[in-house]
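Undergrad: When we follow the working numbering, the leftmost residue of the sequence shown carries the number 10, and every step to the right adds one.
Below is one structure. I have some questions about it.
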Amino acid sequence: MGLGKWIGGIVGFMAAGPLGALAGYVIGSMLENSNENYNNGGYGNHTDENHAYGQRNSFMFSLLVMASYIIRADGKIMHSEMEYVRQFLRHNFGEAAVNEGNQILLNLFEQRKRMDANNPLAFKNTIHECGVQIKNNLSYEERLQLLNFLAQIARSDGNICMEEIDALKEVATTMGLSEKEVDSMLNLGGNSLEEAYRVLEVEPSATDEEIKAAYRKLALKHHPDKVATLGEDVKKAAEEKFQQINSAKERIYKARGIK
(Lines of atoms letter the chains of each structure in order from A and count residues from 1; the text may use other names and numbers.)
(Lines give C-alpha, C1' and ligand atoms only; values in the text may rest on other atoms or scores of the structure.)
Protein backbone atom coordinates (compact mmCIF):
# COMPACT_ATOMS: atom_id res chain seq x y z
CA MET A 1 0.00 0.00 0.00
CA GLY A 2 1.69 3.20 -1.18
CA LEU A 3 1.48 6.52 0.59
CA GLY A 4 -0.96 7.66 -2.06
CA LYS A 5 -3.33 4.97 -0.81
CA TRP A 6 -3.19 6.32 2.74
CA ILE A 7 -3.69 9.84 1.44
CA GLY A 8 -6.59 8.56 -0.64
CA GLY A 9 -8.13 7.32 2.58
CA ILE A 10 -8.35 10.89 3.83
CA VAL A 11 -11.55 11.19 1.81
CA GLY A 12 -13.02 8.97 4.52
CA PHE A 13 -14.21 10.26 7.88
CA MET A 14 -10.66 11.11 8.97
CA ALA A 15 -10.66 13.98 6.47
CA ALA A 16 -11.57 16.40 9.25
CA GLY A 17 -11.59 16.66 13.05
CA PRO A 18 -8.86 15.42 15.37
CA LEU A 19 -8.16 12.34 13.24
CA GLY A 20 -7.68 14.58 10.22
CA ALA A 21 -5.25 16.77 12.16
CA LEU A 22 -3.18 13.74 13.21
CA ALA A 23 -3.33 12.32 9.67
CA GLY A 24 -2.10 15.64 8.32
CA TYR A 25 0.94 15.50 10.60
CA VAL A 26 1.93 11.84 10.49
CA ILE A 27 1.27 11.25 6.79
CA GLY A 28 2.41 14.71 5.76
CA SER A 29 5.79 14.18 7.37
CA MET A 30 6.13 10.88 5.51
CA LEU A 31 5.36 12.61 2.21
CA GLU A 32 8.16 15.10 2.89
CA ASN A 33 10.59 12.17 2.83
CA SER A 34 9.12 10.53 -0.25
CA ASN A 35 8.87 11.30 -3.94
CA GLU A 36 5.07 11.27 -3.92
CA ASN A 37 2.99 14.36 -4.36
CA TYR A 38 -0.20 15.03 -2.50
CA ASN A 39 -2.72 14.90 -5.31
CA ASN A 40 -5.34 13.02 -3.30
CA GLY A 41 -4.19 9.77 -4.87
CA GLY A 42 -6.95 9.91 -7.47
CA TYR A 43 -9.62 9.32 -4.85
CA GLY A 44 -11.35 12.66 -5.09
CA ASN A 45 -14.32 11.23 -6.99
CA HIS A 46 -16.95 10.13 -4.50
CA THR A 47 -17.94 6.82 -6.03
CA ASP A 48 -19.22 4.00 -3.83
CA GLU A 49 -15.93 2.18 -4.31
CA ASN A 50 -13.87 5.18 -3.25
CA HIS A 51 -16.17 5.82 -0.28
CA ALA A 52 -15.69 2.22 0.88
CA TYR A 53 -11.93 2.56 0.43
CA GLY A 54 -11.89 5.79 2.39
CA GLN A 55 -13.94 4.20 5.17
CA ARG A 56 -11.57 1.22 5.31
CA ASN A 57 -8.47 3.42 5.45
CA SER A 58 -10.11 5.59 8.09
CA PHE A 59 -10.77 2.44 10.13
CA MET A 60 -7.14 1.38 9.81
CA PHE A 61 -5.77 4.84 10.65
CA SER A 62 -8.11 4.98 13.67
CA LEU A 63 -6.72 1.61 14.76
CA LEU A 64 -3.14 2.92 14.56
CA VAL A 65 -4.03 6.11 16.47
CA MET A 66 -5.70 4.20 19.30
CA ALA A 67 -2.97 1.54 19.25
CA SER A 68 -0.35 4.25 19.79
CA TYR A 69 -2.18 5.22 22.99
CA ILE A 70 -2.56 1.63 24.24
CA ILE A 71 1.05 0.70 23.49
CA ARG A 72 2.35 3.68 25.48
CA ALA A 73 -0.09 3.24 28.37
CA ASP A 74 2.56 1.70 30.62
CA GLY A 75 5.19 4.26 29.59
CA LYS A 76 7.05 1.75 27.42
CA ILE A 77 7.00 0.69 23.79
CA MET A 78 7.24 -3.09 23.83
CA HIS A 79 8.86 -4.82 20.86
CA SER A 80 6.22 -7.57 20.98
CA GLU A 81 3.38 -5.06 20.67
CA MET A 82 5.05 -3.31 17.74
CA GLU A 83 5.76 -6.65 16.12
CA TYR A 84 2.10 -7.65 16.49
CA VAL A 85 1.04 -4.50 14.66
CA ARG A 86 3.61 -5.17 11.92
CA GLN A 87 2.37 -8.75 11.53
CA PHE A 88 -1.21 -7.49 11.44
CA LEU A 89 -0.39 -5.06 8.63
CA ARG A 90 1.66 -7.67 6.77
CA HIS A 91 -1.16 -10.21 6.94
CA ASN A 92 -3.86 -7.78 5.87
CA PHE A 93 -2.17 -5.37 3.47
CA GLY A 94 1.08 -6.94 2.32
CA GLU A 95 4.73 -6.23 2.96
CA ALA A 96 4.61 -2.68 1.59
CA ALA A 97 2.17 -1.65 4.32
CA VAL A 98 4.41 -2.84 7.15
CA ASN A 99 7.02 -0.10 6.98
CA GLU A 100 4.41 2.59 6.33
CA GLY A 101 2.18 1.50 9.20
CA ASN A 102 5.22 1.23 11.43
CA GLN A 103 6.31 4.73 10.43
CA ILE A 104 2.83 6.11 11.09
CA LEU A 105 3.00 4.67 14.62
CA LEU A 106 6.47 6.14 15.20
CA ASN A 107 5.24 9.52 13.96
CA LEU A 108 2.27 9.29 16.32
CA PHE A 109 4.64 8.61 19.23
CA GLU A 110 6.68 11.64 18.19
CA GLN A 111 3.59 13.82 17.88
CA ARG A 112 2.48 12.73 21.35
CA LYS A 113 5.87 13.79 22.73
CA ARG A 114 5.55 17.21 21.08
CA MET A 115 1.99 17.77 22.23
CA ASP A 116 2.61 16.64 25.81
CA ALA A 117 5.71 18.85 26.11
CA ASN A 118 3.42 21.86 26.45
CA ASN A 119 0.47 20.13 28.11
CA PRO A 120 0.77 16.65 29.67
CA LEU A 121 -2.89 15.99 28.87
CA ALA A 122 -2.83 17.24 25.28
CA PHE A 123 -2.53 13.86 23.54
CA LYS A 124 -4.91 12.19 25.99
CA ASN A 125 -7.52 14.84 25.20
CA THR A 126 -6.96 14.35 21.48
CA ILE A 127 -7.48 10.59 21.89
CA HIS A 128 -10.80 11.30 23.62
CA GLU A 129 -11.82 13.57 20.74
CA CYS A 130 -10.76 10.90 18.24
CA GLY A 131 -12.90 8.37 20.11
CA VAL A 132 -15.95 10.59 19.73
CA GLN A 133 -15.20 11.03 16.02
CA ILE A 134 -14.93 7.25 15.62
CA LYS A 135 -18.20 6.78 17.51
CA ASN A 136 -19.94 9.16 15.13
CA ASN A 137 -18.57 7.56 11.96
CA LEU A 138 -18.24 3.82 12.55
CA SER A 139 -21.10 1.43 13.22
CA TYR A 140 -21.39 -0.22 16.62
CA GLU A 141 -20.18 -3.54 15.17
CA GLU A 142 -17.19 -1.90 13.47
CA ARG A 143 -16.21 -0.24 16.74
CA LEU A 144 -16.40 -3.61 18.48
CA GLN A 145 -14.01 -5.05 15.90
CA LEU A 146 -11.68 -2.09 16.40
CA LEU A 147 -11.76 -2.75 20.16
CA ASN A 148 -11.01 -6.42 19.52
CA PHE A 149 -7.88 -5.51 17.56
CA LEU A 150 -6.76 -3.13 20.33
CA ALA A 151 -7.26 -5.85 22.96
CA GLN A 152 -5.16 -8.24 20.88
CA ILE A 153 -2.37 -5.66 20.68
CA ALA A 154 -2.48 -5.10 24.45
CA ARG A 155 -2.30 -8.88 25.06
CA SER A 156 0.40 -9.52 22.48
CA ASP A 157 3.29 -9.51 24.99
CA GLY A 158 1.48 -12.08 27.15
CA ASN A 159 1.38 -9.76 30.16
CA ILE A 160 -1.30 -7.10 30.07
CA CYS A 161 -0.88 -4.57 32.86
CA MET A 162 -3.47 -2.46 34.66
CA GLU A 163 -2.37 0.67 32.80
CA GLU A 164 -3.17 -1.03 29.50
CA ILE A 165 -6.52 -2.29 30.77
CA ASP A 166 -7.40 1.18 32.03
CA ALA A 167 -6.37 2.68 28.68
CA LEU A 168 -8.52 0.15 26.82
CA LYS A 169 -11.52 0.98 28.99
CA GLU A 170 -10.86 4.69 28.53
CA VAL A 171 -10.69 4.35 24.74
CA ALA A 172 -13.74 2.08 24.65
CA THR A 173 -15.81 4.56 26.63
CA THR A 174 -14.92 7.42 24.27
CA MET A 175 -16.02 5.22 21.35
CA GLY A 176 -19.38 4.52 22.98
CA LEU A 177 -18.53 1.00 24.14
CA SER A 178 -18.65 -0.48 27.64
CA GLU A 179 -16.08 -1.75 30.12
CA LYS A 180 -17.84 -5.13 30.03
CA GLU A 181 -17.10 -5.31 26.33
CA VAL A 182 -13.44 -4.65 27.06
CA ASP A 183 -13.46 -7.48 29.60
CA SER A 184 -15.12 -9.74 27.04
CA MET A 185 -12.48 -9.01 24.39
CA LEU A 186 -9.63 -9.54 26.84
CA ASN A 187 -10.89 -13.01 27.77
CA LEU A 188 -11.38 -14.33 24.25
CA GLY A 189 -9.35 -17.46 23.60
CA GLY A 190 -9.18 -18.43 27.27
CA ASN A 191 -9.62 -22.00 28.45
CA SER A 192 -11.31 -21.56 31.83
CA LEU A 193 -14.99 -21.46 32.66
CA GLU A 194 -14.49 -18.11 34.41
CA GLU A 195 -13.07 -16.62 31.20
CA ALA A 196 -15.99 -18.04 29.22
CA TYR A 197 -18.51 -16.24 31.44
CA ARG A 198 -16.59 -13.01 30.98
CA VAL A 199 -16.65 -13.44 27.20
CA LEU A 200 -20.46 -13.78 27.31
CA GLU A 201 -20.62 -10.76 29.65
CA VAL A 202 -22.59 -12.62 32.32
CA GLU A 203 -22.06 -13.68 35.93
CA PRO A 204 -21.64 -17.38 36.83
CA SER A 205 -24.86 -17.00 38.85
CA ALA A 206 -26.88 -16.29 35.67
CA THR A 207 -29.70 -18.69 34.82
CA ASP A 208 -29.56 -20.95 31.78
CA GLU A 209 -32.08 -18.73 30.01
CA GLU A 210 -29.98 -15.67 30.76
CA ILE A 211 -26.93 -17.46 29.36
CA LYS A 212 -28.79 -18.31 26.15
CA ALA A 213 -30.06 -14.76 25.79
CA ALA A 214 -26.57 -13.34 26.38
CA TYR A 215 -25.11 -15.59 23.69
CA ARG A 216 -27.80 -14.67 21.17
CA LYS A 217 -27.14 -10.97 21.80
CA LEU A 218 -23.37 -11.44 21.51
CA ALA A 219 -23.66 -13.53 18.34
CA LEU A 220 -25.80 -10.86 16.71
CA LYS A 221 -23.51 -7.92 17.44
CA HIS A 222 -20.31 -9.78 16.58
CA HIS A 223 -21.53 -11.44 13.37
CA PRO A 224 -18.75 -11.17 10.73
CA ASP A 225 -21.15 -9.91 8.07
CA LYS A 226 -21.55 -6.70 10.09
CA VAL A 227 -17.98 -5.63 9.20
CA ALA A 228 -17.81 -7.03 5.66
CA THR A 229 -17.68 -3.56 4.08
CA LEU A 230 -14.27 -2.99 5.70
CA GLY A 231 -12.74 -5.76 3.57
CA GLU A 232 -12.28 -9.51 3.53
CA ASP A 233 -9.31 -9.38 5.90
CA VAL A 234 -11.28 -7.59 8.62
CA LYS A 235 -14.20 -9.95 8.05
CA LYS A 236 -11.85 -12.94 8.42
CA ALA A 237 -10.58 -11.56 11.74
CA ALA A 238 -14.20 -11.14 12.85
CA GLU A 239 -14.88 -14.76 11.91
CA GLU A 240 -12.02 -15.90 14.16
CA LYS A 241 -13.44 -13.76 16.98
CA PHE A 242 -16.87 -15.30 16.36
CA GLN A 243 -15.40 -18.80 16.67
CA GLN A 244 -13.83 -17.87 20.01
CA ILE A 245 -17.20 -16.60 21.25
CA ASN A 246 -18.79 -19.89 20.21
CA SER A 247 -16.06 -21.83 22.01
CA ALA A 248 -16.77 -19.88 25.20
CA LYS A 249 -20.49 -20.60 24.82
CA GLU A 250 -19.88 -24.31 24.29
CA ARG A 251 -17.70 -24.46 27.40
CA ILE A 252 -20.50 -23.00 29.50
CA TYR A 253 -23.19 -25.14 27.87
CA LYS A 254 -21.17 -28.31 28.52
CA ALA A 255 -20.54 -27.41 32.16
CA ARG A 256 -24.26 -26.73 32.72
CA GLY A 257 -25.58 -29.54 30.56
CA ILE A 258 -27.45 -27.09 28.36
CA LYS A 259 -28.65 -28.59 25.09
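Note that CB positions come from ideal geometry on N, CA and C, so glycine has one too.
Rounded to the nearest angstrom, what separates GLN154 and ASN127 at their Cα positions?
TA: Counted from its first residue, the sequence shown places residue 154 at position 145. Counted from its first residue, the sequence shown places residue 127 at position 118. Taking the straight line from one Cα to the other gives about 34 angstroms.
Undergrad: How should ASP83 be labelled, buried or exposed, when 16 other C-beta atoms within 10 angstroms of its C-beta is the threshold for buried?
TA: The residue given as residue 83 occupies position 74 in the sequence shown. Buried is the call here.
Undergrad: Alpha carbon to alpha carbon, how far is ASP175 from THR238?
TA: Taking the sequence shown and counting its residues from 1, the one referred to as residue 175 is at position 166. Taking the sequence shown and counting its residues from 1, the one referred to as residue 238 is at position 229. If you take the alpha carbons of ASP175 and THR238, they lie about 30 angstroms apart.
Undergrad: Taking 8 angstroms as the threshold (C-beta atoms), are LEU197 and VAL180 in contact?
TA: As a working mapping, residue 180 is identified with position 171 in the sequence shown. As a working mapping, residue 197 is identified with position 188 in the sequence shown. Cβ distance not < 8 angstroms, so VAL180 and LEU197 don't count as in contact.
Undergrad: Identify which residue in ASP125, HIS137, ALA76 has its Cα closest to the Cα of LEU114.
TA: Residue mapping note: residue 114 aligns to position 105 of the sequence shown, counting from 1. The shortest C-alpha separation from LEU114 is found at ALA76.
Undergrad: Label CYS170 either buried or exposed according to how many other C-beta atoms from any shown protein chain fall within 10 Å of its C-beta, with 16 as the threshold for buried.
TA: Counting from 1 along the sequence shown, the entry for residue 170 is found at position 161. Counting Cβ neighbours within 10 Å, CYS170 comes out exposed, since fewer than 16 surround it.
Undergrad: According to DSSP, is ARG81 helix, strand or coil?
TA: As a first step, residue 81 must be located in the sequence shown, where it is residue number 72. ARG81 falls in the coil class under three-state DSSP.
Undergrad: Got a sec: does the ligand GDP put a non-hydrogen atom nearer than 7 angstroms to the Cβ of ALA176?
TA: The ligand GDP is not among the ligands present in this structure, which contains no ligands whatsoever.
Undergrad: Residues in its own chain within less than 8 angstroms of LEU72 by CB, not counting five upstream and five downstream?
TA: For the purposes of this step, residue 72 is taken as the residue at position 63 of the sequence shown. Contacts found: LEU155, PHE158, LEU159.
Undergrad: Does PRO213 pass the burial test, meaning 16 or more other C-beta atoms within 10 Å, or should it be called exposed?
TA: In the sequence shown, counting from the first residue as 1, residue 213 sits at position 204. PRO213 comes out exposed.
Undergrad: If you scan the stretch 81-164 from start to end, which runs of the alpha helix (DSSP H) of 4 or more residues do you find wholly inside it?
TA: Counting whole runs of 4 or more residues, the stretch 81-164 contains the alpha helix (DSSP H) stretches 88-102, 104-127, 131-146, 149-164.
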